[in-house]
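Residue numbers (our numbering): 1415 to 1919.
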Amino acid sequence: MAGGPVSAPLDELTSWNADWKGLRVGVLGLAATGFSVADTLTELGADVLVVSETATQEYERLVPVIGAKLHLGPLRDVPDELVAFAPDVVVASPGFPPSHPVVRWVRESGIALWGDIELAWRVRDKVTRADGAPAEWVLVTGTNGKTTTTRLAATMMVEGGLRAAPCGNIGVPVLDAVRDPAGFDVLVVELSSHQLWYLGLNDDAGSPSPHASVCLNVADDHLEWHGSAEAYRDAKAVVYRHTKVACVYNKSDEATMRMVEDADVVDGARAIGFDLGTPGPSDLGVVDGILADRAFLDDRRTSALELSTVAELAEHGLAAGHIVQNILAAAALARSLDVPPPAIRSAAAGFELDPHRIQIVATSNGVTWIDDSKATNPHAAGSSLAAHPGAIWVVGGLLKGVDISALVADRGAASRAAIVIGTERRPVVEAFARHAPQVPVYEVDHAETDDVMARAVALAADAAREGDVVLLAPAAASFDQFRSYGERGDRFAAAVRAHITEADG
């Protein structure tokens, strides 16, 4: 299936200045990532065919403008146009799972298959630093906390005087950051398990060798995409491959420690642990309310560096256990690049969490309403419930093949009540019946109401008493009833405010 001769073999295409002209590339998907891939490759002189089921009007208009071809339509089968194109390599957007018919065809045909991260690593020298080297990469993944940690790490690095940019799964394609003419000292790259799966296909010149890397935690998620929990964990482990300086792991999550132990890293790379306990040498942790670094100092066996305090973080709403862990992980990444402790402290003090991440919507009549719509899996929701035990829990959505029973047994049993939303309510209701029968459970049947959140808020308000917390932490994706977790959170907040206004009226 491979096409005719190109100007350079794939293993020689490891620089922006390599000869990419004539390379035939199929690009799967035309959202932000897919367009960044097509735009990059056409700028390099490659022959590009974009294949996608859908596209915005803007991207559909721009594809021919940049010099690429476009096939739009259903992808239940491999398009004849792609077969006839005979690509030398296919670059897939991370939304395409291993089971997708086009992905299966590419692999079975022996065509090289990359993700956008591999392409970005190959061309990372388009813009270089003052010393002529490309930006260092720092990689961040985990089931929960990726975006917060990525933003924190980049903020700490900037506070420390580095030109750093967060990119990747956080919303800015890595290829856009690589091509930014301003240039950076460091790219802090958030990676999803989907992107890491594609990276794991090839261990060659296109494999990143990051300065530092972290897997924050691992719990079952995206099982419908990967096919199994083991495959999901294997994908996450790719983040540590070829790390040069610091493999940061969660001491309270044994899976991340095993990942580091099994990783093929550059000689001299160190394992750096973090958790909420007292840190040992080469760790970051918490001692008597002080966030301490015992990893990045010469006398780490007998002393530590103070980075911040839990009390100081509490003043800024950052004292929840899982957020403190994110701060420690980000600090480890920044410290690996010699960012001084005062910059770590200053950056943490000025940091604001993303919208829909344990965000207080309102407090009225002694009831606090919290939006953590970004808790799209049980691990994230468990962290929220741990921070707010006894909350009235608004839970449910699209479960993505994950069993919620363990979360209900471990954390949900302490809930004052559960308000169950979503199209997959039955597994949630059954989990409460089996593991927490003492908790009152109320269902919101979307077939009986046009406004799911208004009904959920009304039920929660009826159950709430002075001093209670109502917590939206769905432990599920939002796409069954909302366009995104952001819309889900916005509609929750709007319903809360409408309820308060009516109650006070």
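Every residue, glycine too, gets a C-beta built ideally from N, C-alpha and C.
Inter-residue Cα distance where the pair is residue i and residue j
{"i": "Glu1920", "j": "Gln1773", "result": "Residue numbering for the chain in the displayed model covers 1415 to 1919; residue 1920 lies beyond these limits and cannot be assessed."}
{"i": "Ile1806", "j": "Met1867", "result": "14 Å"}
{"i": "Phe1688", "j": "Pro1587", "result": "28 Å"}
{"i": "Thr1456", "j": "Gly1440", "result": "12 Å"}
{"i": "Gly1703", "j": "Ala1725", "result": "7 Å"}
{"i": "Arg1616", "j": "Gly1524", "result": "It should be pointed out that residue 1616 corresponds to Asn in this sequence rather than to Arg. Rounded to whole angstroms, Asn1616 to Gly1524 spans 13 Å at the Cα level."}
{"i": "Asp1681", "j": "Val1674", "result": "13 Å"}
{"i": "Ala1567", "j": "Ala1847", "result": "42 Å"}
{"i": "Val1842", "j": "Pro1595", "result": "49 Å"}
{"i": "Val1701", "j": "Thr1692", "result": "5 Å"}
{"i": "Asp1539", "j": "Ala1626", "result": "19 Å"}
{"i": "Leu1437", "j": "Glu1532", "result": "16 Å"}
{"i": "Asp1461", "j": "Lys1814", "result": "37 Å"}
{"i": "Asp1712", "j": "Val1659", "result": "16 Å"}
{"i": "Val1504", "j": "Ala1452", "result": "11 Å"}
{"i": "Tyr1473", "j": "Trp1434", "result": "23 Å"}
{"i": "Ser1696", "j": "Ala1891", "result": "37 Å"}
{"i": "Ala1728", "j": "Val1738", "result": "10 Å"}
{"i": "Arg1869", "j": "Pro1769", "result": "22 Å"}
{"i": "Ala1776", "j": "Arg1911", "result": "7 Å"}
{"i": "Met1415", "j": "Asp1618", "result": "Note on Met1415: pLDDT 40, under 50, position unreliable in the model; the coordinate value appears next. Cα to Cα, Met1415 sits roughly 22 Å from Asp1618."}
{"i": "Val1632", "j": "Ala1482", "result": "39 Å"}
{"i": "Ala1500", "j": "Ala1649", "result": "28 Å"}
{"i": "Val1816", "j": "Arg1839", "result": "13 Å"}
{"i": "His1860", "j": "Gln1895", "result": "9 Å"}
{"i": "His1640", "j": "Gly1810", "result": "21 Å"}
{"i": "His1608", "j": "Phe1510", "result": "8 Å"}
{"i": "Val1679", "j": "Val1477", "result": "39 Å"}
{"i": "Ala1458", "j": "Leu1484", "result": "In the sequence on display, residue 1458 carries Leu and not Ala. Taking the straight line from one Cα to the other gives about 18 Å."}
Buried/exposed call for residue i, threshold 16 Cβ in 10 Å
{"i": "Thr1454", "result": "buried"}
{"i": "Pro1515", "result": "exposed"}
{"i": "Asn1779", "result": "exposed"}
{"i": "Asn1404", "result": "Since the first and last residues shown for the chain are 1415 and 1919, residue 1404 lies out of range."}
{"i": "Gly1694", "result": "exposed"}
{"i": "Ser1513", "result": "exposed"}
{"i": "Gly1826", "result": "buried"}
{"i": "Ala1917", "result": "exposed"}
{"i": "Val1834", "result": "buried"}
{"i": "Lys1665", "result": "buried"}
{"i": "Val1517", "result": "buried"}
{"i": "Val1879", "result": "Position check: residue 1879 holds Arg in this sequence, whereas Val was assumed. Exposed is the call here."}
{"i": "Gln1471", "result": "exposed"}
{"i": "Ala1498", "result": "exposed"}
{"i": "Gly1487", "result": "exposed"}
{"i": "Asp1676", "result": "exposed"}
{"i": "Gly1881", "result": "exposed"}
{"i": "Thr1915", "result": "exposed"}
{"i": "Ser1642", "result": "exposed"}
{"i": "Ala1506", "result": "buried"}
{"i": "Pro1756", "result": "exposed"}
{"i": "Thr1468", "result": "exposed"}
{"i": "Gly1546", "result": "exposed"}
{"i": "Glu1857", "result": "buried"}
{"i": "Arg1475", "result": "exposed"}
{"i": "Arg1771", "result": "buried"}
{"i": "Val1883", "result": "buried"}
Residue(s) in a DSSP beta bridge with residue i
{"i": "Thr1782", "result": "Thr1777, Val1883"}
{"i": "Ser1696", "result": "Bridge partners of Ser1696: none, in fact."}
{"i": "Arg1688", "result": "Residue 1688 is actually Phe in this sequence, not Arg. According to DSSP, Phe1688 bridges with Asn1664, Leu1698."}
{"i": "Val1504", "result": "Gly1440, Leu1527"}
{"i": "Ala1720", "result": "A quick correction: the sequence has Glu, not Ala, at residue 1720. Note: Glu1720 sits in a beta bridge opposite Ala1706."}
{"i": "Asp1461", "result": "Arg1438"}
{"i": "Val1451", "result": "Val1451 pairs with nothing; no bridge assigned."}
{"i": "Ile1833", "result": "Val1808, Tyr1856"}
{"i": "Gly1582", "result": "Glu1604"}
{"i": "Lys1483", "result": "Leu1463"}
{"i": "Ala1891", "result": "Leu1812"}
Distance cut-off 6 Å: residue i Cβ against heavy atoms of the ligand GDP
{"i": "Arg1543", "result": "Among the components modelled here there is no ligand, and therefore nothing to report on the ligand GDP."}
Inset, instruction - Just list the beta strand (DSSP E) runs in the stretch 1592 to 1652, keeping only unbroken ones of 3 residues or longer that don't cross its boundaries, in chain order. - result: 1600 to 1604, 1626 to 1629
Legend entry - Segment contact, 8 Å Cβ cut-off, at least three pairs: the stretch 1781 to 1801 with the stretch 1734 to 1745: yes
Inset, instruction - State whether the stretch 1596 to 1604 contacts the stretch 1545 to 1564, with contact taken as three or more CB pairs (one from each stretch) at a distance under 8 Å. - result: yes
Legend entry - Contained alpha helix (DSSP H) runs [length at least 4] in the stretch 1788 to 1826, N- to C-terminal order: 1792 to 1801, 1819 to 1824
Legend entry - Meets three-Cβ-pair contact criterion under 8 Å: the stretch 1872 to 1880 and the stretch 1775 to 1790: yes
Legend entry - Segment contact flag, the stretch 1746 to 1765 with the stretch 1571 to 1586, C-beta cutoff 8 Å, min 3 pairs: yes
Legend entry - beta strand (DSSP E) segments (min. 3 residues) lying fully within the stretch 1528 to 1566: 1550 to 1555
Legend entry - the stretch 1714 to 1725 / the stretch 1759 to 1768 touching (three or more Cβ pairs under 8 Å): yes
Legend entry - Touch test, the stretch 1489 to 1499 against the stretch 1421 to 1429, Cβ-Cβ under 8 Å, three pairs minimum: no
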